[in-house]
Amino acid sequence: MIGRLSGKILEKNPPEILLEVGGIGYEILCPMSTFYEMGAGSNLMLHTHLQVKEDAHTLYGFISKDEKTLFRELIRVNG
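If you use the numbering used here, the sequence shown closes out at 139, no skipped numbers anywhere.
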């Protein structure tokens, strides 16, 4: 599991950012509240959640740990 990433924002395309960490670019989906707090080219740290499905691996990023916790609670809800 990838729990946190720190790096430089290379690109922003709502709701996705491209974050460079150690020479590797991670495509990360972010809530719009998080997305608009970020400046292109800025350095930041994101709390992350990696969702693994049969056909895709999706990385979600959040400014606060509370946002990440709420996201995890919401995706556990059936229905």
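C-beta atoms are modelled at their ideal positions from N, C-alpha and C, and glycine is treated no differently.
So what's residue i in DSSP terms, helix, strand or just coil?
i	result
E80	strand
I69	strand
I135	helix
Go through its chain and collect everything with a Cβ distance to residue i's Cβ below 8 Å, but skip five positions before and after it.
i	result
E71	I77, L78 and A100
C90	P75, E76, I77, M98, L106, Y120, G121 and F122
G63	H107 and T108
Which residues in the same chain as residue i place their Cβ atom closer than 7 Å to its Cβ, once the five residues preceding and following it in sequence are excluded?
i	result
H109	Y120, K128, F131 and R132
On the premise that residue j lies in contact with residue i, defined as a C-beta separation below 8 Å, what is that separation, rounded to the nearest angstrom?
i	j	result
N103	K68	5 Å
Please go through the same chain and pick out, in chain order, the residues whose beta-carbon is closer than 6 Å to the beta-carbon of residue i, but skip the five residues on each side of it.
i	result
V81	L65 and G67
Y96	none
For a minimum of 3 consecutive residues, which ranges assigned as the beta strand (DSSP E) are wholly contained in the region 96-131?
Here the runs fully enclosed are 103-112 and 117-122.
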